[in-house]
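Working notes, beginning with the structure itself.
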């Protein structure tokens, strides 16, 4: 599996595009995932065109504006694209309160929303499979996407390199987030972590250096 991390928007949220490269020549677009398209939808679409990718789904690690804000424009380019989220975060994601100035307007609930990112669920499309780990604390419906075959974890705003997500937003809980972080600490140390913001890391490095683990 290949990936491209595209920092988007004023908060440089890590949008991640994932795809499985073809082993034989073909002119057909390669299906890809778009995780946390927080802004800059045209930049994301331009990358997909450059690489010959066709989005198969959008997935959110959680519902905050800086992770979902580019969805509406992406759906104009790719109508009918399923949008996956935890049911525990839909109230946050599509509330008028989930906005930030003129940069992030409130996001309307898409008609293609699929509320299936729940503990133990499996998302499998386009030759890519992820296990859903429920990791609440930053938000009630925060999840991590674990790609076990590739030793990769998309941790959203649950775990950062050297830190963790804030819990002072509505629905946040440091006690709950600590429990989620302790769960992540049990993953294989070699697991590469792409967080919702900032540099990538590994579970092993975070166990050694991150005070929150």
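Numbering (this note's numbering), first residue to last: 25 to 237.
A virtual CB, placed ideally from N, CA and C, is assigned to each residue, including glycine.
When only Cα atoms are considered, residue 222 and residue 62 end up about 14 angstroms apart.
The beta strand (DSSP E) runs of length 3 or more contained entirely in the stretch 44 to 87 are, from start to end of the chain, 54 to 59 and 77 to 83. Using a C-beta cut-off of 8 angstroms, the stretch 105 to 112 makes contact with the stretch 74 to 88, since at least three inter-stretch Cβ pairs fall below that distance. DSSP places residue 99 within a helical segment (H, G or I) once states are collapsed to three.
Here DSSP, grouped into helix, strand and coil, assigns residue 179 to strand.
Contiguous beta strand (DSSP E) elements confined to the stretch 135 to 219 occur at 146 to 149, 152 to 158, 167 to 171, 176 to 180 and 216 to 219, taking only those with 3 or more residues. Residue pairing by DSSP puts residue 128 in a beta bridge opposite 124. Exposure of residue 26 is indicated by the presence of fewer than 16 other C-beta atoms within 10 angstroms of its C-beta. Residues 88, 162 and 163 of the same chain have their beta carbon placed closer than 8 angstroms to that of residue 193, with the five preceding and five following residues left out of the count. For residue 29, the secondary structure class from DSSP, reduced to helix, strand or coil, is strand. Out of 126, 34 and 167, the CA that lies nearest to the CA of residue 139 is found in 167. With the rule of 3 Cβ pairs closer than 8 angstroms, the stretch 145 to 156 does not count as touching the stretch 63 to 74. No residue range can be given for residue 104, since it is assigned to no alpha helix (DSSP H) and is classified by DSSP as neither H nor E. The distance from the Cβ of residue 204 to that of residue 160 is about 6 angstroms, consistent with a contact at the 8 angstroms cut-off. Here DSSP, grouped into helix, strand and coil, assigns residue 37 to strand. For residue 109, there is no enclosing alpha helix (DSSP H), as DSSP marks it with neither H nor E. According to the DSSP assignment, residue 133 belongs to no alpha helix (DSSP H), since it is labelled neither H nor E.
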